[in-house]
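Scroll down for the structure; my scribbles are underneath it.
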Amino acid sequence: MIIKSLEQLEILSIKIAKKISNSDCILLYGEIGSGKTTFSRYLINFIQEKNNIKKTEVLSPTFNLLYEYKINSLKVMHYDLYRLKKSAEIKQLDIFDVRAKTVKIIEWPELITHNIIDKIELRFSHMQNMNERNLSFKGYGKWKDFQIDEF
Ligand SMILES: Nc1ncnc2c1ncn2[C@@H]1O[C@H](COP(=O)(O)OP(=O)(O)O)[C@@H](O)[C@H]1O
Ligand SMILES: [Mg+2]
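Here you go:
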């Protein structure tokens with residue numbers, strides 16, 4: 006689908022945010038500047054607002070690998086795995102520790118090999134128009150029949 010503006014990206018992120026629960030995983034693919042962090046920011050800020058919690062800054066976890074957001078009963082883990090080079094490094098992060106029930110939003114997830122049940126794959130790419138993006142959605146598990154492409 007074509008996302009024509011930041012407003013449309015926000016609408017889409019809210020649609021997803023409304024259904025999100027601990028143990029969901031959102032994998033964000035796409036080149037630098039394609040909108041992965043912006044999508045994550047809209048999603049996290051919406052959940053904060055819905056829970057009457059002050060919206061925080063949502064920065065790119067490029068250098069820290071991870072920023073965590075505790076929002077009432079939800080715990081959102083926002084990863085950026087761009088700097089990692091091997092699957093072994095990712096295994097060390099324990100992203101999929103079964104004892105921790107968390108929402109995972111993962112930028113640059115290419116090296117992940119874990120079998121995730123409830124997950125969304127979003128693939129962003131640039132368009133000629135600076136404010137548009139091409140976006141593909143694929144849902145698995147509880148997201149299998151989720152419809153995003155109506156504006
Ligand atoms: N429709 C759009 N969707 C996503 N980002 C957009 C859109 N239009 C403009 N942008 C801008 O593109 C940039 C995307 O950057 P960012 O979200 O950090 O990308 P990434 O995390 O994929 O590297 C932001 O500055 C954002 O404001
Ligand atoms: Mg980013």
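The sequence shown begins at 6 in the working numbering and counts up one residue at a time.
Backbone N, C-alpha and C define an ideal beta-carbon position, used for all residues, glycine too.
Keep in mind the model is a prediction, meaning the values are calculated, not measured.
Asked: Would you check if the distance between the CB atom of Ile-37 and the CB atom of Met-82 is smaller than 9 Å?; Found: no
Asked: Determine, using beta-carbon pairs with one atom in the stretch 80-97 and one in the stretch 107-127, whether at least three such pairs fall under 8 Å.; Found: yes
Asked: For Pro-114 and Asn-57, what's the separation of their Cα atoms in angstroms?; Found: 31 Å
Asked: From what residue to what residue does the alpha helix (DSSP H) around Arg-46 run?; Found: 41-55
Asked: Tell me which residues share the same chain as Ile-19 and place their Cβ nearer than 6 Å to its Cβ, disregarding the 5 neighbours each side in the sequence.; Found: Phe-51
Asked: Would you check if there are 3 or more beta carbon pairs closer than 8 Å linking the stretch 19-36 to the stretch 118-138?; Found: yes
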